[in-house]
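Have a look at the structure below, then the notes.
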Amino acid sequence: MPDIMIDVHDQQMPAYLAEPDSRRAGGVVLIHEIFGLNRSMRETADRFAKAGFLTVCPDLTWRQGNLPELEPGTDQALEEGRRRMAELTDEQMLDDVRAAVLHLREMDPCNERVATVGYCMGGRIAYLMACRGDTQANVAYYGTRIEKHLGEAVKLTRPFMMHLGADDPFIPPETRKRLVERLCPVAGVAIHTYPGVGHGFARPGTAGAAAEAGKLADQRTFDFLGLYLR
32 MPDIMIDVHD QQMPAYLAEP DSRRAGGVVL IHEIFGLNRS MRETADRFAK
82 AGFLTVCPDL TWRQGNLPEL EPGTDQALEE GRRRMAELTD EQMLDDVRAA
132 VLHLREMDPC NERVATVGYC MGGRIAYLMA CRGDTQANVA YYGTRIEKHL
182 GEAVKLTRPF MMHLGADDPF IPPETRKRLV ERLCPVAGVA IHTYPGVGHG
232 FARPGTAGAA AEAGKLADQR TFDFLGLYLR
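The working numbering puts the sequence shown at residues 32 to 261.
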């Protein structure tokens, strides 16, 4: 059973909730990868709560019914995740994330300051929230296909941080170059690139260089969010 249900128009979206020890806290909406709300995302939400943020991770695949959970690591999971995401539009996911932001702001423990943090596909949604939303800050971990929306950077008025792996096959060097050249000059934007790591380096369970990069990226994210959510 989900921890909470979030109203999206006249329907309800399930979400995982992780609460910090503090009585009043800034809120974070986690936006999952193509694999959906799974063990990895719940562990990530718990990590954000431990850092002091009231954290919710909505299941953006809720329109597709009660699906089995996916974990990264196999070609089958990757293909199934892609299939599920192909049935969703960015506009639907933005609608869901906005509903989650509103829900967090109305929760008693929340100080009404909310950010989004997205991973992979979710990183793109976090970027679009920075351009179109009313959140206090937004963070993208290895966000895919952001380059297709660089025209929206003229509307990027919310603080935005991005984490990229230097060896990410889904965000090749020429794409990273475009992202850096277009977004870094924008006020309030910070982009960090991590050498020697690829896609998904901040997932729970990574080892070696990826684990160290993920730990550094998380600390930078926590410090960044602390500036705007407290």
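We put the CB at the ideal spot given by N, CA and C, even for glycine. Because the structure is a prediction, the values reported are computed rather than measured.
Given that a residue counts as buried once 16 or more other Cβ atoms are within 10 Å of its Cβ, and exposed if not, what is residue i?
i       : result
Glu-143 : exposed
Gln-250 : exposed
Arg-234 : buried
Gly-149 : buried
Ala-218 : exposed
Ala-238 : exposed
Pro-190 : buried
Leu-98  : exposed
Arg-70  : exposed
Gly-231 : buried
His-134 : buried
Leu-258 : exposed
Check this for me: beta carbons of residue i and residue j, under 7 angstroms apart or not?
i       : j       : result
Ile-37  : Ala-131 : yes
Leu-68  : Asp-90  : yes
Tyr-225 : Ala-244 : yes
Ala-168 : Ala-146 : yes
Asp-127 : Val-39  : yes
Ile-285 : Gly-153 : This structure gives no information on residue 285, because the portion of the chain shown stretches from 32 to 261.
Gly-58  : Cys-151 : no
Arg-136 : Leu-181 : no
Expressed to the nearest angstrom, what Euclidean distance is found between the alpha-carbon atoms of residue i and residue j?
i       : j       : result
Thr-92  : Met-138 : 23 angstroms
Thr-105 : Gly-112 : 11 angstroms
Ala-80  : Leu-48  : 9 angstroms
Phe-255 : Ala-157 : 15 angstroms
Cys-215 : Thr-120 : 27 angstroms
Ala-161 : Arg-129 : 12 angstroms
Met-32  : Arg-163 : The pLDDT assigned to Met-32 is 47, lower than 50, so where the model puts this residue is not dependable, and the model offers no usable value.
Leu-125 : Gly-227 : 32 angstroms
His-194 : Val-60  : 17 angstroms
Thr-206 : Glu-178 : 7 angstroms
Val-220 : Met-192 : 6 angstroms
Asp-41  : Gln-123 : 14 angstroms
Arg-261 : Arg-94  : 34 angstroms
Ala-248 : Gly-236 : 15 angstroms
Checking the sheet assignment: what are the DSSP bridge partners for residue i?
i       : result
Ile-35  : Ala-46
Val-255 : Before going on, a small fix: residue 255 reads as Phe here, not Val. Partner(s): none; Phe-255 has no beta bridge.
Tyr-158 : In DSSP, Tyr-158 forms no bridge with anything.
Met-193 : Ala-171, Ile-222
Ala-56  : Cys-141
Ile-62  : Gly-149
Cβ of residue i within 6 angstroms of any heavy atom in the ligand NAD?
i       : result
Gly-153 : Of the ligands one can find in the structure shown there are none, so the ligand NAD has no counterpart to examine.
Worksheet item: Would you call the region 111 to 125 and the region 70 to 87 touching, i.e. three or more CB-CB distances under 8 angstroms?
Response: Verdict: no, contact absent.
Fill in: the region 66 to 75 contacting the region 50 to 57, beta-carbon criterion three pairs below 8 angstroms
Contact between the region 66 to 75 and the region 50 to 57 is absent: fewer than 3 CB-CB pairs across the two stretches fall below 8 angstroms.
Count the CB pairs spanning the region 196 to 203 and the region 169 to 185 that are closer than 8 angstroms, and state whether there are at least three. With the cut-off at 8 angstroms, the region 196 to 203 and the region 169 to 185 touch.
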